[in-house]
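Numbering (my numbering), first residue to last: 70 to 296.
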């Protein structure tokens, strides 16, 4: 698994925490929102690979959020799975007509949800579930959790591995410290910005242990980028 980014939109705190735990445990990077307005903002900021979207949201409904996301993603590029307690056929049709790529009714099993997520990712973005990531002389075999640089195996701690996976999925993209904190540690855990700098330093040291230039660029006042 390449740690695709999943945006979970759910206004119930307990349900959100359950989803966050299970989805992240399955190997995904998770960002979340509890209402429609923040969901659209999170979509713009993180550009997730997939959206899990609850229908019943305060102020702006999931239907409107789905419509907005589809416009911003250029049609059907980013898959949206609508999650709802509405089980009538008319509701399912309405959700799909709005642009949702799949529709799952509550209650549902986590196993079924994860299977549907993987199927959608396989269709929309095969690179998100590929087993090997490359950038220049860096290679990550995601199924085995092994990293190589110029043929040398690099041993990484879990946090550094997650950071590198984020960078490898979007070479050249500049990630802010706040974005990296959300993706690696989660929004519900307080971690100082300085912690990101420490782990980036460790990642750089590991990647440069056999020589080669520093592959992670510091963008002053913004964050970090690979290459």
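Ideal Cβ positions, reconstructed from N, Cα and C, are used throughout, including at glycine.
Other residues of its chain near residue i: CB distance less than 6 Å, five sequence neighbours each side excluded
{"i": "residue 188", "result": "none"}
{"i": "residue 81", "result": "none"}
{"i": "residue 108", "result": "78, 102, 134"}
Outcome for residue i when other beta-carbon atoms lying within 10 angstroms are tallied against a minimum of 16
{"i": "residue 147", "result": "buried"}
{"i": "residue 185", "result": "buried"}
{"i": "residue 248", "result": "buried"}
{"i": "residue 131", "result": "buried"}
{"i": "residue 87", "result": "exposed"}
{"i": "residue 68", "result": "The requested residue 68 is not part of the displayed model; the chain covers only 70 to 296."}
{"i": "residue 170", "result": "buried"}
Anticipated Cβ contact below 8 Å, residue i with residue j, distance rounded
{"i": "residue 98", "j": "residue 235", "result": "7 Å"}
{"i": "residue 281", "j": "residue 204", "result": "About 13 Å separates the two Cβ atoms, so there is no contact after all."}
{"i": "residue 164", "j": "residue 124", "result": "7 Å"}
{"i": "residue 101", "j": "residue 89", "result": "6 Å"}
{"i": "residue 153", "j": "residue 174", "result": "6 Å"}
Residues near residue i by beta carbon distance below 7 Å, same chain, minus five either side
{"i": "residue 253", "result": "228, 231, 232"}
{"i": "residue 291", "result": "243, 245"}
{"i": "residue 92", "result": "75, 77, 99"}
{"i": "residue 218", "result": "206, 207, 276, 279, 281"}
{"i": "residue 106", "result": "128, 129"}
{"i": "residue 283", "result": "273, 277"}
{"i": "residue 260", "result": "250, 254"}
{"i": "residue 161", "result": "172"}
{"i": "residue 116", "result": "none"}
Among the options, nearest to residue i - alpha-carbon criterion
{"i": "residue 193", "options": "226, 142, 115", "result": "142"}
{"i": "residue 182", "options": "162, 151, 155", "result": "151"}
{"i": "residue 276", "options": "225, 264, 243", "result": "225"}
{"i": "residue 166", "options": "133, 175, 291", "result": "133"}
{"i": "residue 266", "options": "278, 288, 280, 125", "result": "288"}
{"i": "residue 286", "options": "263, 241, 251", "result": "241"}
{"i": "residue 113", "options": "140, 293, 88", "result": "140"}
{"i": "residue 155", "options": "259, 220, 102, 177", "result": "177"}
{"i": "residue 179", "options": "293, 138, 121, 250", "result": "121"}
{"i": "residue 110", "options": "138, 89, 83", "result": "138"}
{"i": "residue 216", "options": "272, 157, 115, 136", "result": "272"}
{"i": "residue 84", "options": "126, 158, 116", "result": "126"}
Min CB distance residue i to chain D below 8 Å
{"i": "residue 211", "result": "Absent from the structure: chain D. Only one protein chain is present."}
Residues near residue i in its chain [Cβ-Cβ closer than 8 Å; skip 5 each side]
{"i": "residue 202", "result": "71, 208, 209, 211, 234, 237, 238"}
{"i": "residue 262", "result": "246, 247, 250"}
{"i": "residue 222", "result": "215, 216"}
Just to confirm the assignment: which complete alpha helix (DSSP H) runs, minimum length 4, are found wholly within the segment 193-251? 227-238
Complete runs of the beta strand (DSSP E) confined to the segment 109-168 [at least 3 residues]: 119-123, 149-153
Residue ranges of each beta strand (DSSP E) within the segment 72-114, 3 or longer: 74-78, 98-102
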